[in-house]
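Q: Sending over a structure as structure tokens; questions will come in a sec.
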Amino acid sequence: MNPNSSVDIYALAEKFVEQTACPVFLTGKAGTGKTTFLKHLREHTQKQMAVIAPTGVAAINAGGVTIHSFFQLPFTPFAPIPQGRKNLIAKSKLTTARRKVLQELELLVIDEISMVRADLLDAVDTMLRHFRYRANEPFGGVQVVYIGDMYQLSPVVPDEERQLLLQFYEGPYFFQSKVIRQQPPVFIELDRVFRQTNEQFISLLNEVRNNCLTEAGEQCLNSRYIADFRPSNEDGYITLTTHNAKADRINYEELDKIDRDIFYFDAQVQGDFPEKSFPNDERLKLKKGARVMFIANDMETPRRYYNGKIGVVTDIDEEHIRVKTDPDDEPIEVKRETWQNIHYTVNKETNQIEEHKLGSYTQYPLRLAWAITIHKSQGLTFDRVVIDAQAAFAPGQIYVALSRCRSLEGIVLSSPLNTQALQVDRHIVRYVQQKPSARELEAQINVFKERYNEQVLFDIFNFSDMVYEMRRFYEQTVNEKNAFNDETLPFISRMMDQTDRLNRVTTTFRKQLQYLLHTSDTQRTNERIKAASDYFATHLTSLIAEGEKSPARTDSRASARDYNDALTTILTRLAYKKHLIGGIGDGFSITRYFELKATFTAPPGPVNAYAAAHKELKTETEHQELFRLLAGLRKELCEETGAPAYLVAATKTLIELCNMRPQTPEELMGVKGFGKIKTQKYGDRFLEIINEYCRKYGLSSLIDPSDHTKKRKRRKTDS
């Protein structure tokens, strides 16, 4: 009896993704609906979701971004050791906006997982643990769905990196990563083929996939071999080849058929950059009307092209190339790109992988595209293909090429099938054998759903991420404390202490809640949730109100922007917590949770620490006329030097100048914020205004002569 009979595996897969927090490995033969499942998930999921993939083409096809782009990861091997994790975080270039995305993420889908290396997945795990402030949870508590077929294209491991990776991993596959060993995904295989409808063709593809091609199957496939096949443009055939060299030959033959002037563009090579590593031709040959493919991702926003995007050259001369990728779009003015040649070594003392820049290669990111490699075709579907797989060099490559086509009749083999290339890695075979039956999965779903409900409830009453966010805010401001007024740090410290106290209370409550959830006393559980909801909502209201009265002021636009962004983020997240906690007072359910998430609106009233934005600035001095004169001088100096106001003289420094009225360079150096260098640069101009003001009103200096003497002594001692 079929253990999967009467079980809707597609519906079961959707339940595991939507109704549990389990990581899921969703696999299946080519054409079984993996891409369709992903599209359905994108359209219907209630979870905060992102889709990533290992290559530009795969990412665009999946409606997502590349793994490296999403996490701003370096293109270097990752060492899954403490020093490796520390270095990865230290080199991170994540913006505040991107960090926010990671912190709100609930569901991460990784498409074309067969091409994702183990070390890359561990790097993703490291980034999520760190920036979500959940160092002990795989992927920082994010649910991950891996989509792909391990029998298709495998990860790329250059020879110079292979020995480095073998120090940490058994092999390159995603399931050999450290994080997968810690948190194995639920293995679900889709079993119905949609791309192909002919049973004979489906059976042939299965034989190729499983490395068990029969003699009859081989004869059937080789019947599609047509020697010297030359399709016309009207036939709509695209040629899939095993190597770039074969694609190049086809492309140049087609280029020669265009009766137009040819233009040459030479690459700029600096330092050591081996010819075999050139991303395209060192001398690029193009004509108007040539079909081309972009080989890099557009760095502009909105993105106009990606690695693998096809287009036609519409205008060309010695200095310009314009490419049209869509009939409805404007031609793209193509700019040169630069690639770096990096060498990797392992530091014997730290056991850490280090990179060294050896050279660079600069060229237009284009290549001819009447033919492409099988590797770049993964994830695409064609009606007619010409396949040359005689020299297939990577496991799964022939299978990918054959399964790109909708029918056996649409395939033309330009060379007989090389059955020796049908190889399957033993590690993959062993991993796939662990797959549970659909009935086994169905029996587990309710347990995982219950765990998910508990996890969501615990997360609502978890303030640990807010504690980390507050600490980061405090540390960020400490690093720029000289740019802010004296009230700033005590204010943040008070908010940090209140958040920490709330977190300690929630920690105790979650322990009580865990006990109650495992009893049958539903009434008591609901009463405790109601009481906790009222308690925390009240305290969050108070904390938010205090945050909205931020006393912070700075003359630096940049410092104000960073402060405003950080505090606004914190206040929004506190308001979100209050919205969720207050909303479940009358009862918790997953349905209610998603309703609350969907109805949350960020509070109005933006914070602004920029001093100039406050018309009634409290200057804490009786000498308002002098303050205005000094502030005017500061503005002039800023315009002359291009320096920000706080580097010329912070507002609190101007206030002290007004109150203490130094009248000599020595006295001026007794004012906090005026050292020897600043006194030499600006001192005479500030003193001129102060002395004129003092003569006008008969005032004298209030600087204690011993103050600036002590200050000079301290500087000598410090140096």
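Following my numbering, the numbering of the sequence shown begins with 166 at its first residue and continues without gaps.
Quick reminder that beta carbons are idealized off the backbone N, C-alpha and C, glycines included.
#1: Using 10 angstroms around the beta-carbon of residue 277, count the other beta-carbons present and answer buried if the total reaches 16, otherwise exposed.
#2: Going by DSSP, name the residue or residues bridged to residue 308.
#3: Report the residue from 460, 296 and 415 whose alpha carbon sits nearest the alpha carbon of residue 266.
#4: Relative to the C-alpha of residue 536, which residue among 563, 564 and 475 is closest?
#5: Check whether the region 302-321 and the region 270-285 are in contact - that is, three or more C-beta pairs closer than 8 Å.
#6: Quick one: what's got a C-beta closer than 6 Å to residue 268's C-beta in the same chain, skipping five residues either side?
#7: For a test of the three-state rule: what should DSSP assign to residue 774, helix, strand or coil?
#8: Would you mind sorting residue 288 into buried or exposed? The rule is 16 or more other CB atoms within 10 Å of its CB.
#9: Let's test the definition: count the other Cβ atoms within 10 Å of the Cβ of residue 427 and tell me whether it reaches 16, buried, or not, exposed.
#10: I believe residue 210 touches residue 183 by the beta-carbon criterion, under 8 Å. Please report the beta-carbon distance rounded to the nearest angstrom.
#11: Are three or more beta carbon pairs between the region 851-865 and the region 818-837 nearer than 8 Å?
#12: Quick check on this structure: which residue in 580, 445 and 227 has the alpha carbon closest to the alpha carbon of residue 390?
#13: Out of 772, 750, 767 and 745, which has the shortest C-alpha to C-alpha gap to residue 759?
#14: Starting from residue 489, follow the beta strand (DSSP E) in both directions and report where the run begins and ends.
#15: How far does the alpha helix (DSSP H) with residue 680 in it reach, from first residue to last?
#16: Would you mind working out which of 501, 328 and 422 sits nearest residue 432, comparing C-alpha positions?
#17: Taking buried to mean at least 16 other C-beta atoms within 10 Å of its own C-beta, is residue 508 buried or exposed?
#18: Drop a sphere of 10 angstroms on the beta-carbon of residue 429, count the other beta-carbons inside from all chains shown, and report buried for 16 or more, exposed for fewer.
#19: Under the three-state reduction of DSSP, which class applies to residue 887: helix, strand or coil?
#20: Quick one: grab the DSSP three-state call for residue 424.
#21: Residue 600 and residue 370 - do their beta-carbons sit closer together than 8 Å?
#22: For residue 641, which residues from the same chain have a beta carbon less than 7 Å from its beta carbon, with the 5 sequence-adjacent residues on both sides left out?
#23: Would you please state the rounded distance, in angstroms, between the beta carbons of residue 191 and residue 178? I believe it to be under 8 Å.
#24: Which residue wins for smallest C-alpha separation from residue 743, given the options 495, 826 and 766?
#25: Please classify residue 499: does DSSP put it in a helix, a strand, or coil?
#26: Between residue 820 and residue 635, what straight-line distance do the alpha-carbon atoms span, to the nearest angstrom?
#27: Name the two residues that bound the continuous beta strand (DSSP E) containing residue 793.
#28: Is it buried or exposed, residue 320, if we count other Cβ atoms within 10 angstroms and call 16 or more buried?
#29: Can you check the region 680-752 for any alpha helix (DSSP H) of at least 4 residues that lies completely inside it and give the ranges in chain order?
#30: Buried or exposed, going by whether 16 or more other CB atoms sit within 10 Å of the CB of residue 805?
#31: Pull up the distance between the alpha-carbon of residue 425 and that of residue 403, whole angstroms please.
#32: Quick check on the DSSP output: the beta strand (DSSP E) that includes residue 366 runs from which residue to which?
#33: Span of the beta strand (DSSP E) holding residue 532?
#34: Mind checking who residue 844 pairs with in its DSSP beta bridge?
#35: Check for me: the beta strand (DSSP E) holding residue 352 runs from which residue to which?
#36: Could you please give the first and the last residue of the uninterrupted alpha helix (DSSP H) stretch that includes residue 296?
A: The relevant details are as follows:
#1: buried
#2: Per DSSP, the beta bridge partners of residue 308 are 272.
#3: 296
#4: 475
#5: yes
#6: Exclusion of the five residues before and after residue 268 leaves 297 as the residues of its chain whose Cβ lies within less than 6 Å of its Cβ.
#7: For residue 774, the secondary structure class from DSSP, reduced to helix, strand or coil, is coil.
#8: Buried, by the Cβ-count rule.
#9: By the 10 Å Cβ count, residue 427 comes out exposed.
#10: 6 Å
#11: yes
#12: 580
#13: For the set 772, 750, 767 and 745, the Cα lying nearest the Cα of residue 759 is the one of 745.
#14: 486-489
#15: Counting along the chain, the alpha helix (DSSP H) containing residue 680 begins and ends at 653-682.
#16: The candidate whose alpha carbon is nearest that of residue 432 is 501.
#17: For residue 508, the pLDDT reaches just 39, beneath the cut-off of 50, and the residue's location in the model is therefore unreliable, although a value from the coordinates is still provided. Residue 508 is exposed by the Cβ-count criterion.
#18: exposed
#19: As displayed, the chain neither begins before 166 nor continues past 884, which places residue 887 out of reach and without an answer.
#20: coil
#21: no
#22: 727 and 731
#23: 6 Å
#24: 766
#25: Three-state result, residue 499: coil.
#26: Roughly 30 Å between the two C-alpha positions.
#27: Here residue 793 belongs to no beta strand (DSSP E); instead the alpha helix (DSSP H) covers 789-806.
#28: buried
#29: 687-713 and 722-748
#30: exposed
#31: 23 Å
#32: Following the DSSP letters along the chain, one finds residue 366 in no beta strand (DSSP E) but inside the alpha helix (DSSP H) bounded by residues 364-374.
#33: 531-533
#34: According to DSSP, residue 844 bridges with nothing at all.
#35: 351-355
#36: Per DSSP, residue 296 belongs to the alpha helix (DSSP H) from 283-296.
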